[in-house]
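Listed in order, the protein sequences are those of chains A and B.
The first sequence begins at 0 in numbering that gives the first Met the number 0 and counts up by one.
The second sequence begins at 0 in numbering that gives the first Met the number 0 and counts up by one.
All residues carry an ideal CB built from backbone N, CA and C; glycine is no exception.
Small disclaimer: the values here were computed from a predicted structure and weren't measured.
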Amino acid sequence: MDFRPKIVAFLCNWCAYTGADLAGTSRIHYAPNIRIIRIMCSGRIEPTFILKAFQQGADGVLVCGCHPGDCHYQEGNYKCLRRFKLLQKFTRQMGIEKDRLRLEWISASEGKQFAELVNDMTKTLLSMGPSKVKSSLEVEHLNV
Amino acid sequence: MEEPRIGVYVCWCGTNISKMVDVEAVTNEVKALPNVTIAKNYKYMCSDPGQDLIIKDIKLHNLNRVVVAACSPRIHELTFRTACEKAGINPYLFEMANVREQDSWVHTDRTEATNKAIDLVVAAIRRVRYHEPLQKRFVNVNPATLIIGGGISGLTAALEIANAGKQVYLVEKSDQLGGQVKKFDLTFPHLSSAQQMIRPIVQRVDNHPNISVFLETEIREVTGYIGNFKTAISVNGGDPVELEFGNIIAAVGLKPFNPEVISEYNYKEFPDVITSFEFEEKLLAGRILTVYGKEPRNVAIIHCVGSRNKKYHEYCSRVCCMAALKYVHQVRAALPSANIFEIYADMRAYGKGHEEFYALTTHRQIMFLMYDQQKKLPVINQADRSDNCNMIIEMDELLSGQSIEVPVDMVILMVNMEAQENVKQVVRAIGVSLCGNQFFIEKHPKLDPVATTTGGVYIIGTCQGPKDIPDSVAQARAAAARILGAIAQGSVPIEVTTASVNELLCCGCQTCIGVCPYKAISYDENNKVSIVNEILCKGCGTCGSACPAGAIISKHFTDLQILSEIEGVMSMS
Ligand SMILES: Cc1cc2nc3c(=O)[nH]c(=O)nc-3n(C[C@H](O)[C@H](O)[C@H](O)COP(=O)(O)OP(=O)(O)OC[C@H]3O[C@@H](n4cnc5c(N)ncnc54)[C@H](O)[C@@H]3O)c2cc1C
Ligand code: SF4
Ligand code: SF4
Ligand code: SF4
Chain A
0 MDFRPKIVAF LCNWCAYTGA DLAGTSRIHY APNIRIIRIM CSGRIEPTFI
50 LKAFQQGADG VLVCGCHPGD CHYQEGNYKC LRRFKLLQKF TRQMGIEKDR
100 LRLEWISASE GKQFAELVND MTKTLLSMGP SKVKSSLEVE HLNV
Chain B
0 MEEPRIGVYV CWCGTNISKM VDVEAVTNEV KALPNVTIAK NYKYMCSDPG
50 QDLIIKDIKL HNLNRVVVAA CSPRIHELTF RTACEKAGIN PYLFEMANVR
100 EQDSWVHTDR TEATNKAIDL VVAAIRRVRY HEPLQKRFVN VNPATLIIGG
150 GISGLTAALE IANAGKQVYL VEKSDQLGGQ VKKFDLTFPH LSSAQQMIRP
200 IVQRVDNHPN ISVFLETEIR EVTGYIGNFK TAISVNGGDP VELEFGNIIA
250 AVGLKPFNPE VISEYNYKEF PDVITSFEFE EKLLAGRILT VYGKEPRNVA
300 IIHCVGSRNK KYHEYCSRVC CMAALKYVHQ VRAALPSANI FEIYADMRAY
350 GKGHEEFYAL TTHRQIMFLM YDQQKKLPVI NQADRSDNCN MIIEMDELLS
400 GQSIEVPVDM VILMVNMEAQ ENVKQVVRAI GVSLCGNQFF IEKHPKLDPV
450 ATTTGGVYII GTCQGPKDIP DSVAQARAAA ARILGAIAQG SVPIEVTTAS
500 VNELLCCGCQ TCIGVCPYKA ISYDENNKVS IVNEILCKGC GTCGSACPAG
550 AIISKHFTDL QILSEIEGVM SMS
């Protein structure tokens, strides 16, 4: 069977999730590879969530919050950004390629940008092939 | 925990969902999953019969959890939560899968869309198993209201609330009430007097027994929460006065853009290049004269100054097109033989009576000239002695496709409306956010335009985005109605999906205190643990992910709930 990458996405309720809804209301089509999980604020993102997604077999993980300065919780997305850099370092050490984990800002009005982002990430993952995290983690019995 | 008994309902949404998602296949796929008691699909889940289906099943099958796969939870989560509540189960024992906005409407392959729907429904089922009942909580509402900004919006809201017999504290930064309207001569589209409109309003506010006005005053810090806010203000440098109020309205308006930065217009270089506001001063003074004390023979009005241009502001200021047409009428009335040039990029006449107003101006012998905002702005140059005018505007006229020179003696710049200088201080004090254009962000751009994500804080008038007087006034009355409603109720519900600290796990490091944007966490010296004030907490979850000890639970977004959801979306692959 041909490779169908799977992306787990964490979208903040106020901006990114609303933006993804807008892509729907505007009937902007995009790749069906994404599974969206709603959180209240990108500040809620924990490394465990991201590692869990990879461990479960996600080929890519996408975190979307409001643009800097646009956060509904005043500064949650800055906190997410700070923590994300650290996490990216960590996931790379675990052998997860950089492009498999992305943090992007999507506002409530950026339905089109969201669709483009999903297509772009799907394309990248298609060229990268499946993630090997799941199988390697199974060997190590690492449970996150 | 009692064994979950879950009812799953897949909505067709007519053909909106069923056309792209095989709802029958989704239902069958999840029917046999652990804890699923029944799974059904129905044409319109949000309709009364749809909701009744859930209510009846809850009673009949003793369900204690419900999942609906339908539109976005942002649209109908509340509808279904209420249905659950009606049937006697806690509304938080419900979860929604978004298979319309984020599935059937955005995909074109039926198999893929159906698989995705299955993943999303499975995730919702797994998640809802770990949902816990949350209890609604209420706080009492102090019946006084703080209004920041005394323009037409703030004044209107103040009168509405005060006339209902409730106390208003109205704080105005400048030394007078009235805001921008106070600076205008006439108003579009009826060319009625701004002064005759605003003066009596200011007077009524000044004399109202329920309104205390504080001029030349600014708010630096507000403490408390919905229903129970506090601030200290100092009037004329005197002793601070402590005010207590239950709701807040921000009505700080916008300020005119300074066109000095646009080199093409040579504002400040040429004294007869003036802004719309400076032109209003002339109109109020009753005479349109150049700095040389002469009546201009040629008047140009340039639109979109600092607006709709990436270099300055990308957004449209919305009122300047109509204000420009207002000037056309006023100049024509005062100077019957003057040449009037409307130099515009687009003519925006969106409002009630605006298109008709535009049509009227076309009978006023006006020369309409169009320029391309993105390609080249008109350039205002000094005229030669022989030119018989003060200045020359060079421009590429779009409709004729020609480069032309326009002789002028006075140029009116329709300047953009931008955020007030101290806007950051205001938003920080009252706990709301600004969008990229520095406008106050509403709770929901369509369904909740005057509320904010901070309970008890409302935004009205132009600080929420450029708008005209009728729209500002409508918002003012809307916010007043919301506040009077809350006061009438006496108490208001507060966020229940808050954070809470497990004192057994908390190590007292206080990391959480530093990250909370709402100052909702404090340190309990006696027990050496942090505690969340659940009234201040907005449930963003930032503290939960920052806590190194895993001591913070984000209610309704617990680790277990989110991790189960992740497992769910991945379980079918
Ligand atoms: C050139 C021009 C012409 C216009 N003509 C028309 C027209 O003909 N018809 C029409 O319908 N609309 C017109 N408008 C639009 C109209 O001006 C606005 O709709 C209206 O002024 C909005 O009122 P407001 O109360 O929201 O804001 P404002 O009128 O801007 O009032 C805000 C008030 O808040 C005060 N303030 C600011 N910061 C603080 C602070 N930190 N603390 C306390 N107080 C503060 C300000 O001093 C001010 O008094 C025009 C606009 C422009 C720019
Ligand atoms: S209202 Fe007219 S003049 Fe004002 S920014 Fe919009 S298009 Fe330009
Ligand atoms: S971050 Fe966690 S452990 Fe540290 S004080 Fe806050 S709740 Fe306690
Ligand atoms: S959830 Fe957000 S608002 Fe609530 S205490 Fe934690 S950081 Fe503060």
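State the start and end residues of the unbroken beta strand (DSSP E) segment that holds residue i.
| i | result |
| --- | --- |
| C63 of chain A | G59 to G64 |
| H302 of chain B | N297 to V304 |
| N139 of chain B | R136 to N139 |
| L145 of chain B | T144 to I147 |
| F367 of chain B | I365 to M369 |
| F228 of chain B | N227 to S233 |
| T47 of chain A | It is not in any beta strand (DSSP E) - T47 of chain A instead sits in the alpha helix (DSSP H) that spans P46 to Q54. |
| M569 of chain B | Here M569 of chain B belongs to no beta strand (DSSP E); instead the alpha helix (DSSP H) covers D558 to M569. |
| L169 of chain B | V167 to V170 |
I'd like the span of the alpha helix (DSSP H) that includes residue i, first residue to last.
| i | result |
| --- | --- |
| S41 of chain A | No alpha helix (DSSP H) contains S41 of chain A, which DSSP labels as neither H nor E. |
| Q50 of chain B | D47 to H60 |
| R203 of chain B | A193 to N206 |
| K122 of chain A | G110 to M127 |
Is the distance from the Cβ of residue i to the Cβ of residue j below 8 angstroms?
| i | j | result |
| --- | --- | --- |
| R99 of chain A | V60 of chain A | yes |
| I124 of chain B | V7 of chain B | yes |
| I151 of chain B | L169 of chain B | no |
| Y266 of chain B | L412 of chain B | yes |
| K165 of chain B | T144 of chain B | yes |
| A250 of chain B | G177 of chain B | no |
| G18 of chain A | S135 of chain A | no |
| K111 of chain A | A22 of chain A | yes |
| K460 of chain B | Q474 of chain B | Reading the sequence as shown, one finds Gly at residue 460 of chain B and not Lys. Their beta carbons are under 8 angstroms apart, which means G460 of chain B touches Q474 of chain B by this criterion. |
| L253 of chain B | I200 of chain B | no |
| I36 of chain A | V568 of chain B | yes |
| V405 of chain B | P258 of chain B | no |
| R64 of chain B | I5 of chain B | yes |
| H148 of chain A | G435 of chain B | Residue 148 of chain A cannot be examined here, being either before or after the span of chain A that is shown, 0 to 143. |
| A358 of chain B | H302 of chain B | no |
| P377 of chain B | K135 of chain B | no |
| E294 of chain B | A323 of chain B | no |
Of all Cβ atoms in chain B, is any one closer than 8 angstroms to the Cβ of residue i?
| i | result |
| --- | --- |
| R43 of chain A | yes |
| M39 of chain A | yes |
| N142 of chain A | Confidence at N142 of chain A is low in this model, with a pLDDT of 49, below 50, so the placement of that residue should be treated as unreliable; the coordinate-derived value is given next. Judged by the 8 angstroms Cβ criterion, N142 of chain A is not in contact with chain B. |
| T90 of chain A | no |
| I105 of chain A | no |
| F48 of chain A | yes |
| R26 of chain A | yes |
| K131 of chain A | no |
| P226 of chain A | The structure shown does not extend to residue 226 of chain A, since chain A is modelled only from 0 to 143, so the question has no answer here. |
| S126 of chain A | no |
Any heavy atom of ligand 6 closer than 7 angstroms to the beta-carbon of residue i?
| i | result |
| --- | --- |
| P469 of chain B | Looking for ligand 6 in the displayed structure turns up nothing; the ligands present are ligand 1, ligand 2, ligand 3 and ligand 4. |
Could one say the Cβ of residue i lies closer than 8 angstroms to chain A's Cβ atoms, at least one of them?
| i | result |
| --- | --- |
| M569 of chain B | yes |
| G454 of chain B | no |
| L559 of chain B | no |
| T107 of chain B | yes |
| R643 of chain B | Because chain B spans 0 through 572 in this model, residue 643 of chain B falls outside it and cannot be assessed. |
| K39 of chain B | no |
| W11 of chain B | no |
| Q401 of chain B | no |
| S544 of chain B | yes |
| C539 of chain B | yes |
Can you name the residues that DSSP bridges to residue i?
| i | result |
| --- | --- |
| R125 of chain B | Note: R125 of chain B sits in no beta bridge, so no partner. |
| V67 of chain B | B:Y8 and B:M95 |
| I551 of chain B | B:V500 |
| K254 of chain B | B:E417 |
| C11 of chain A | A:I38 |
| W104 of chain A | A:G64 |
| D395 of chain B | B:S402 |
| M390 of chain B | B:Q381 and B:V407 |
| T289 of chain B | Beta-bridge pairing links T289 of chain B to no other residue. |
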